[in-house]
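The structure appears below as structure tokens.
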Amino acid sequence: MTVSLHLSVNGRSHRLDVPACATLLEVLHEQLALTGTKKGCDMGACGACTVLVDGRRVNACLALAAQQDGSEILTIEGVARDGALHPLQQAFVAHDALQCGYCTPGQIMSALGLLAEGGPMGEALGEAEVRERMSGNLCRCGAYANIVAAILEVA
Amino acid sequence: MTPFSYTRAGSERDALRLAALPGAAFIAGGTDFLPLWKSGIAAPERVVDIARLPLDRIDVGDDTIAIGALARLADVARHPTIRHELPVLADALLASASPQVRNAATVGGNLMQRTRCFYFRGDGFACNKRTPGSGCSALLGENRLHAILGTSDACIAAHPSDLAVALVALGASLRLSSERRVPIDDFFLLPGDTPERETVLAPGELIVAVDVPRPTGRSRSAYLKLRDRASFEFAVVSAAAVVDDRRSIRLAAGGVGTKPWRLKACEAALAGAAIDEDTLPRAAALAADGARPLEGNRFKVELLQRTVHRLLSDVLLRDEQ
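Chain order of the listed sequences is E and R.
In terms of our numbering, the numbers along the first sequence are unbroken and rise by one, the last being 157.
In terms of our numbering, the numbers along the second sequence are unbroken and rise by one, the last being 1100.
Given below as structure tokens:
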């Protein structure tokens, strides 16, 4: 069974017929050729597939594509503007916040979600708060210290 | 992974009609359903999408805060009245899963999530919850994370929800689509001989809302969760305490029971007692009353007692100052 839906992905409108069982991650990869969003555990445990849906960070591997009809999706491919890196991307480069890079798209999308959420009561984010609220993103190279520093630079 | 068909319910009535069809299952946030489906544990013929039904409101009434079953965990945790009046609830939610999961997962789905027992989630193990009658691999296996309270010879899986522990301490009740109202402590079933049955929810029945009594005056509450890593992990042991104006204390624990576990013996020991450095350890020592620990999880008895002692000290002695 396929389901017809409309998705806005990185500002571009798409009308798609997706398998009823497909995840948003699979649709991004296989129907839209957007492979920047990574498949890690495929169980919601690693955060490599993090994207923004209507501005909120979610695991694309845990999102049924059929349920996303009408949503605005932002993936890592849509973060840079007019060829210029987003300040958060620049901060990741400046702080050497990666080694193999596989988790990086998810780290950046998750951090963008975090920055949009702000502090729990709207206050500025400190290091402990960033660490706690980036806990949904694993980095098996262990670049955490530099990831936190990069996020704090932009926060 | 068995393919399923997909239908979006246009109304609650529509959802109940669709759910009555053979092989139907509800999907809301999908954060537990999809891993269960990918693992071959859930294999519905059709999923009924209820995520867009208007059951996501949080209504603050004079006596009750009504939380719609489809409210997302992140939205409940940052609701100003809930943060202010029900810190035990906000803290239990913020200690749950990851920010990404909390943005998608719903309150009703959280209460319906299946156990994290790895013999249940894994492939090829005997598990009475997954395949009734097949046996329980955890009894003689790696059972460090399993329950010590409410267990049976058929199942020792721990209930995974932090939210449910807070709701038990708060004396919340669930409103179901059948117009039934069930106190949360009665919603979850002990495994007994039928560990595949986890709640009193009938097939095709839906949780509509969670009603939480609104605390009065100077009541206070807290949630304490111990886990194997700093964040994004299920509880090894957790505890929730709610103290109302008249010093009536309600306590519940997580990570230790086959359902969210109300600590009635501790509550009884504290009722009417002077709150001091002697009473608290005496009450906390009763936290594991009735426990049946196994080789791998014997440590949870003392850890639960210490967790409750620490929580009571934080909530009650701080109150005295």
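Ideal Cβ positions, reconstructed from N, Cα and C, are used throughout, including at glycine.
Listed along chain R are Gln-879, each with a C-beta nearer than 9 Å to that of Thr-52 of chain E. Each of R:Ala-926, R:Arg-1029, R:Ala-1018 and R:Arg-1077 was checked against the Cα of Pro-994 of chain R, and the nearest Cα belongs to R:Arg-1029. In this structure, His-858 of chain R lies near Ile-837 of chain R, with their beta-carbon atoms less than 7 Å apart.
Contact check for Val-867 of chain R against Tyr-1002 of chain R passes: the beta carbons are separated by less than 7 Å. Where Ile-844 of chain R is concerned, the enclosing beta strand (DSSP E) starts and stops at 843-847.
Neighbourhood of Asn-907 of chain R in chain E, by CB distance below 8 Å: empty, with the nearest CB roughly 23 Å away.
About 15 Å separates the Cβ atoms of Ala-937 of chain R and Gly-1069 of chain R, ruling out a contact at the 8 Å cut-off. Between Cys-63 of chain E and Leu-7 of chain E, the C-beta spacing is not below 7 Å. Using a Cβ distance threshold of 7 Å, Ala-1067 of chain R and Leu-1083 of chain R count as a contacting pair.
The beta-carbon of Phe-1011 of chain R is placed less than 7 Å from the nearest beta-carbon of chain E. Following the DSSP letters along the chain, one finds Asn-882 of chain R inside the alpha helix (DSSP H) bounded by residues 878-883.
Residue environment for Asp-972 of chain R: exposed (fewer than 16 other C-beta atoms within 10 angstroms of its C-beta). Interface annotation, Met-111 of chain E: not in contact with chain R, CB-CB separation never under 7 Å.
In the structure shown, His-938 of chain R adopts coil according to DSSP, grouped into three states. Residues of the segment 1043-1076 of chain R with a C-beta less than 9 Å from any C-beta of chain E: none at all.
In terms of Cα proximity to Arg-59 of chain E, the closest of E:Leu-117, E:Cys-43, E:Tyr-146 and E:Ala-152 is E:Leu-117. For Cys-141 of chain E, not one C-beta of chain R is nearer than 7 Å to its own C-beta. DSSP, read as helix, strand or coil, puts Ile-153 of chain E in helix. Taken in chain order, the complete beta strand (DSSP E) segments of 3 or more residues contained in the segment 938-1008 of chain R are 952-955, 960-962, 986-992 and 999-1005. At a C-beta separation below 8 Å, Gly-809 of chain R has these neighbours in chain E: Leu-64, Ala-65, Leu-66 and Gln-69. Under a criterion of Cβ atoms nearer than 7 Å, no residue of chain R is adjacent to Ser-6 of chain E; the nearest Cβ is some 11 Å distant.
For the set E:Gly-38, E:Leu-66 and E:Val-5, the Cα lying nearest the Cα of Thr-810 of chain R is the one of E:Leu-66.
CA-to-CA, the gap between Lys-1043 of chain R and Ala-1063 of chain R works out to about 11 Å. Within the same chain, and ignoring the five residues on either side of Leu-100 of chain E in sequence, the residues whose Cβ sits closer than 6 Å to its Cβ are Thr-106 and Ala-145.
Along the segment 21-43 of chain E, going in chain order, the ones with a CB nearer than 8 Å to a CB of chain R are Pro-21, Ala-22, Cys-23 and Thr-25.
Beta-bridge pairing by DSSP links Ala-804 of chain R to R:Val-826. Less than 7 Å divides the Cβ of Gly-49 of chain E from the Cβ of Gly-108 of chain E. No Cβ-Cβ contact shorter than 7 Å links Ala-926 of chain R with Gly-914 of chain R. Unbroken alpha helix (DSSP H) runs of no fewer than 4 residues, entirely contained in the segment 80-149 of chain E, are found at 89-96, 106-119 and 129-135, following chain order. With a threshold of 7 Å between beta carbons, Gly-13 of chain E makes no contact with chain R. Within 7 Å of the CB of Tyr-785 of chain R, the CB atoms of chain E belong to Met-3, Val-5, Ala-22 and Ala-68, in sequence order along the chain. The C-beta of Asn-882 of chain R comes closer than 7 Å to at least one C-beta of chain E.
Annotation for Ser-916 of chain R: Tyr-898, Phe-904 and Ala-905 place their beta carbon closer than 6 Å to its own, counting only its chain and skipping 5 residues before and after. Judged by their CB atoms, Thr-52 of chain E and Gln-879 of chain R are nearer to each other than the 7 Å cut-off.
Chain E has no Cβ within less than 7 Å of the Cβ of Leu-834 of chain R. Just so you know, the alpha carbons of Asn-61 of chain E and Gly-46 of chain E end up roughly 6 Å apart.
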